[in-house]
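K.L.:
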Ligand code: URA
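Numbering (the numbering used here), first residue to last: 16 to 247.
What follows is the structure, encoded as structure tokens:
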């Protein structure tokens, strides 16, 4: 990739503005100042600008433990700030997209990447990629409710959910694994069995786990985790 294209993508600016930056300031590739904006960069190159160092990678993968009251979109909505404000100091935040939004009041694992091949694989309904949630509910589930959730319930007028898996953890607290992604899906599924979600937290997407990542914190995926996604 050309260095001006990389910088334009990185800072969400035009190639023309990236060229202007070249005229005004020094950009270094592997600590050597470069003056040609059409210079090609490679994956192993280290690009630096003032004190900031950028690594040009083909793909970026990030997970965030999303706090409550942030909206899963690039811009703020209503009075809720965007989750991109939480990852504001991640240098490649402009390059990555959210895979499976979480509601404003939901916390937990939010995955971002710029790898469209993997995004398409993940959201392919035939793949049945499971997502795991911790759910605090308004009353305990009956055997019948569990059976319904694990077979199907109707949401959105006529959509029959794919079989979910329910694990009872303790009083009014369950773990729910679902295969598909529909808007407000878990809230609607619990409503379908006359229950209500009081708190919702995503802990896992496929083999990607939030583990001990604290709320508000983010990290890049390890190579092992990326391999899981690549081998989907
Ligand atoms: N289901 C919901 O109802 N909300 C979420 O944020 C995710 C799944």
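Using N, Cα and C, we set each Cβ at its ideal position, and we do this for glycine too.
What you are looking at is a predicted structure, and each value in this text was computed from that prediction instead of being measured.
Give the C-beta separation of residue 49 and residue 43 to the nearest angstrom, bearing in mind that I take them to be a contact with Cβ-Cβ under 8 Å.
P.N.:
Residue 49 sits at position 34 when you count from the first residue of the chain shown. Residue 43 sits at position 28 when you count from the first residue of the chain shown. With a Cβ gap of about 7 Å, residue 49 and residue 43 count as contacting.
K.L.:
Please report how far the alpha carbon of residue 46 lies from the alpha carbon of residue 67, in whole angstroms.
P.N.:
Looking up residue 46 in the chain shown gives position 31. Looking up residue 67 in the chain shown gives position 52. So the two alpha carbons sit approximately 12 Å from each other.
K.L.:
With a 10 Å radius around its C-beta and 16 neighbouring C-beta atoms as the bar for buried, classify residue 243 as buried or exposed.
P.N.:
As a working note, residue 243 is residue 228 in the chain shown. By the 10 Å Cβ count, residue 243 comes out exposed.
K.L.:
Return the chain-ordered list of same chain residues with a C-beta closer than 7 Å to the C-beta of residue 95, the five sequence neighbours on each side being excluded.
P.N.:
Translated into positions along the chain shown, residue 95 becomes position 80. Once the five neighbours on either side are set aside, the close Cβ partners of residue 95 are 84, 85, 86, 119.
K.L.:
So the candidates are 98, 200, 237; which of them puts its Cα closest to the Cα of residue 125?
P.N.:
Mapped onto the chain shown, residue 125 falls at position 110. Of the listed residues, the one whose Cα sits closest to residue 125 is 98.
K.L.:
Do residue 84 and the ligand URA come close, with the Cβ less than 7 Å from some heavy atom?
P.N.:
Indexing the chain shown from 1 puts residue 84 at position 69. Checking the Cβ of residue 84 against the ligand URA gives no.
K.L.:
What are the boundary residues of the beta strand (DSSP E) that residue 207 is part of?
P.N.:
Position 192 of the chain shown, counted from the first residue, corresponds to residue 207. Per DSSP, residue 207 belongs to no beta strand (DSSP E); it is in the alpha helix (DSSP H), 200–207.
K.L.:
Using 8 Å for Cβ pairs, my map puts residue 164 next to residue 181. What's the rounded Cβ distance?
P.N.:
Against the chain shown, residue 164 aligns to sequence position 149. Against the chain shown, residue 181 aligns to sequence position 166. With a Cβ gap of about 5 Å, residue 164 and residue 181 count as contacting.
K.L.:
Can you tell me whether residue 121 sits near the ligand URA, meaning its C-beta is under 7 Å from at least one heavy atom of the ligand?
P.N.:
Start at 1 with the first residue of the chain shown, and residue 121 comes out as number 106. Answer for residue 121: yes, Cβ within range of the ligand URA.
K.L.:
Less than 8 Å between C-beta atoms, sequence neighbours within five positions excluded: which residues of the same chain meet that for residue 151?
P.N.:
On the chain shown, position 136 is the one that residue 151 refers to. The residues are 187, 188, 212, 213, 214, 215.
K.L.:
List the whole-angstrom C-beta distance separating residue 222 from residue 240, where the pair is believed to meet the contact cut-off of C-beta under 8 Å.
P.N.:
The count along the chain shown starts at 1 and reaches residue 222 at position 207. The count along the chain shown starts at 1 and reaches residue 240 at position 225. Going by Cβ atoms, the distance from residue 222 to residue 240 rounds to 7 Å, so yes, they are a contact pair.
K.L.:
Out of 162, 198, 155, point me to the one whose CA is closest to residue 174's CA.
P.N.:
Mapped onto the chain shown, residue 174 falls at position 159. Measuring from the Cα of residue 174, the nearest candidate turns out to be 198.
K.L.:
DSSP state of residue 145, grouped into three classes?
P.N.:
Here residue 145 corresponds to residue number 130 of the chain shown, with the count starting at 1. Residue state, collapsed to three classes: coil.
K.L.:
Using CA coordinates, which residue listed in 82, 21, 79, 73 is at the minimum distance from residue 53?
P.N.:
Here residue 53 refers to the residue found at position 38 when the chain shown is read from its first residue. Looking at the Cα atoms, 21 is the closest of the given residues.
K.L.:
I'd like the list of long-range same chain contacts for residue 29, defined as Cβ closer than 8 Å, with 5 residues on each side in sequence excluded.
P.N.:
In the chain shown, counting from the first residue as 1, residue 29 sits at position 14. Within the same chain, residue 29 has close Cβ partners 23.
K.L.:
Within the continuous alpha helix (DSSP H) that includes residue 21, where are the two ends?
P.N.:
In the chain shown, the residue the question calls residue 21 occupies position 6. 18–26 is the span of the alpha helix (DSSP H), which, as asked, contains residue 21.
K.L.:
In angstroms with no decimal places, state the Cα-to-Cα distance between residue 193 and residue 146.
P.N.:
If you number the chain shown from 1, residue 193 lands on position 178. If you number the chain shown from 1, residue 146 lands on position 131. Roughly 6 Å between the two C-alpha positions.
K.L.:
If we count Cβ pairs, one from each stretch, closer than 8 Å, do we get three or more for the region 230–239 versus the region 130–143?
P.N.:
Judged by Cβ distances under 8 Å, the region 230–239 makes no contact with the region 130–143, as fewer than three pairs qualify.
K.L.:
Evaluate residue 41 with the Cβ neighbour count: other Cβ atoms within 10 Å of its Cβ, from every protein chain shown; 16 or more gives buried, anything less gives exposed.
P.N.:
By one-based count along the chain shown, residue 41 stands at place 26. Exposed is the call here.
K.L.:
State the start and end residues of the unbroken alpha helix (DSSP H) segment that holds residue 164.
P.N.:
Along the chain shown, read from residue 1 onward, the residue named residue 164 stands at position 149. Here the alpha helix (DSSP H) through residue 164 covers 158–166.
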